[in-house]
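*Asks:* The working numbering numbers the first residue of the sequence shown as 31 and each following residue consecutively.
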Amino acid sequence: MLVAGYERQFSESLRYWRTRFVVIPTIEPPQLNMSLGEKLNEEETRLLGIDKLAELFSKLRWLPPEEKGNIMPPVRFLPTTLGPSLSVHDESLLSQLDEIHAAGPLRKKMKSEREIGEMSLGAIAKAMREDDGVPIKHYQWHGSKYPNSFTGYDFVSWLVREFRDVSSRTQGAEWGAKLQEQGLFDHCRGMHGFLDG
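1. Assuming L214 contacts G202 (C-beta within less than 8 angstroms), just tell me the rounded distance between them.
2. Need the endpoints of the beta strand (DSSP E) that W171 sits in, please.
3. Just reading off the beta strand (DSSP E) that S174 is part of, what are its end residues?
4. Return helix, strand or coil for L136, following the three-state DSSP convention.
5. Output the distance between the C-alpha atoms of Y169 and P95, rounded to the nearest integer angstrom.
6. Compute the Euclidean distance between the alpha carbons of R191 and K167, then round it to the nearest angstrom.
7. For the candidate residues I146, G206 and Y183, whose alpha-carbon lies nearest to that of A84?
8. Nearest by alpha-carbon distance to A109: which of T200, S122 and G99 is it?
9. Hey, quick one: how far does the alpha helix (DSSP H) through L77 stretch, first residue to last?
10. Whose C-beta lies closer than 7 angstroms to the C-beta of W205 among residues of the same chain, with five residues either side of it excluded?
Structure (C-alpha cells):
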C-alpha cells in the first residue's frame, strides 16, 4: 500500500509489517558513473541495484488525479545486517524509517537562496553539520563501526533539498564526486569514489 501510494503515513498498525519482494537480477550489472577502473563488489552492486529498484517504485507510484504534479517522497529501502525479528526491535532502524516517512528527503526548500557553487569547502562542512544538515552519525556495517559518517544517499538528498543550483539527484552525485576529489570527505574504507547510495 505504501509503495503504491495509497498510504501516506507509516502508522503504528503498519510499523511491524514485513513485505517480501522477489528481485530478479538482470544479466548485465547496472551501468554506473564510476571513476576509471573502479569496481564494486557483488554486495555493493546489489545494494545499488536495490536503490535503483526504489527509484523505479518512486517513478511508477500511483497518485490520485487531484495529487498529480505533487512531489512525493521517494521510496527507500534501508539495508541492515539484522534478521527480520531483530530489525523490528532495533530503535535506530525504526527511527530512520519514521524520519523517512515523516518528511520526504527530497522536499525542496522553496526559500533556499544558497548555491553550493558559491561556497567554500569550510562553509559546506559547516552547513553539513547544521540542525537540518546531513545526518552524520555512527554507522555499523558487517561488524565494523564507522564514527562520524554519512551515506551518499543522505548527502545527495541534502544537496537537492538545500541548494537552488542542485535540482536533481544526478547533479547531487556530480557535486558529491567533486567535493570528495577536493578533500571534503572520503569513503570510510577508502575504497570508492562518491556514490548516491
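All C-beta atoms in this analysis are idealised placements derived from N, C-alpha and C, irrespective of residue type, glycine included.
*Replies:* Considering the structure as presented:
1. By a beta-carbon distance limit of 8 angstroms, L214 does not contact G202. Their separation comes to about 14 angstroms.
2. Per DSSP, W171 belongs to the beta strand (DSSP E) from K167 to W171.
3. Where S174 is concerned, the enclosing beta strand (DSSP E) stretches over S174 to S179.
4. With a pLDDT of only 45 at L136, under the threshold of 50, the placement of this residue in the model should not be trusted; the figure read from the coordinates follows. In the structure shown, L136 sits in coil (DSSP, three-state: anything other than H, G, I, E or B).
5. When the Cα atoms are used, Y169 and P95 turn out to be separated by approximately 40 angstroms.
6. Using only the alpha carbons, I get a separation of about 20 angstroms.
7. When I146, G206 and Y183 are compared, the shortest CA-CA separation from A84 is found for Y183.
8. As written in the sequence, residue 109 is Pro, which differs from the Ala given in the question. The option with the nearest alpha carbon to P109 is S122.
9. Where L77 is concerned, the enclosing alpha helix (DSSP H) starts and stops at E72 to K89.
10. The answer, listed in chain order, is I146, L189 and V196.
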